[in-house]
Amino acid sequence: MRRTPARLAAAEPEPAHTIEFDGRPIPALPGQTIAAALWAQGIMAWRRTRGTGRPRGAFCGIGACFDCLATVDGRPNQRTCLLPAEPGTTVTTQEGNGHADLAV
């Protein structure tokens with residue numbers, strides 16, 4: 001289903017569904033991004049930087065900074081602030097850039 005500004009403005013609450021984050025169930029509302037669903041559960045970081053392993057989560061919220069990267073449904077480097085939290089989505093904490101062969 002396509003998300004348009006008019007559709008989102010007229011949205012009425014629907015029942016929550018579940019996504020999975022590092023093996024645990026996380027409730028998400030229809031139309032909510034993955035980052036917003038994680039924030040709503042108090043999860044502020046879902047990526048660790050390469051080298052120092054510092055925690056990162058959403059920063060800009062518009063897909064420009066790339067701090068919110070995570071592995072989503074097996075695909076690394078997904079910007080969670082832009083991706084909708086669809087029912088059954090699996091999200092895992094990402095280490096560095098998501099590719100072990102490129103890690104330093």
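Okay, so the sequence shown: first residue is 1 according to full-length UniProt numbering, each after it adds one.
Note that CB positions come from ideal geometry on N, CA and C, so glycine has one too.
Bear in mind the structure is a predicted one, so any value in this text is a computation, not a measurement.
- Roughly how many angstroms lie between the CA atoms of Q41 and A85, to the nearest whole one? On the sequence shown, position 41 is the one that residue 41 refers to. On the sequence shown, position 85 is the one that residue 85 refers to. Cα to Cα, Q41 sits roughly 13 Å from A85.
- For I19, count neighbouring C-beta atoms within 10 Å of its own C-beta (all shown protein chains included) and say buried if the count is 16 or more, exposed if not. Here residue 19 is taken as the residue at index 19 of the sequence shown, counted from 1. Buried: at least 16 other Cβ atoms inside 10 Å.
- Query: Can you give the Cα-Cα distance for G57 and A16, rounded to whole angstroms?
  - Reply: Counting from 1 along the sequence shown, the entry for residue 57 is found at position 57. Counting from 1 along the sequence shown, the entry for residue 16 is found at position 16. So the two alpha carbons sit approximately 22 Å from each other.
- Message: By DSSP's criteria, R75 is part of a beta bridge. Which residues make up the other side?
- Response: Walking along the sequence shown from the start, residue 75 turns up at place 75. According to DSSP, which records beta bridges pairwise, R75 is partnered with V72.
- Item | The beta strand (DSSP E) enclosing A28, as first and last residue numbers | Position 28 of the sequence shown, counted from the start, is the residue given in the question as residue 28. Element bounds for A28: R24 to A28.
- When the Cα of G51 is compared with those of P5, Q94 and A6, which residue comes out closest? Looking up residue 51 in the sequence shown gives position 51. Residue Q94 is the option with its Cα nearest to G51.
- Item | Where R48 sits in the DSSP three-state scheme | Translated into the one-based positions of the sequence shown, residue 48 becomes position 48. Three-state DSSP puts R48 in a strand.
- Cα-Cα separation between T80 and G61, rounded to whole angstroms: Taking the sequence shown and counting its residues from 1, one reaches residue 80 at position 80. Taking the sequence shown and counting its residues from 1, one reaches residue 61 at position 61. Approximately 9 Å, taken between the alpha carbons.
- Rounded C-alpha distance that separates A37 from F66: In the sequence shown, residue 37 corresponds to position 37, counting from 1. In the sequence shown, residue 66 corresponds to position 66, counting from 1. Cα-Cα distance, rounded: 18 Å.
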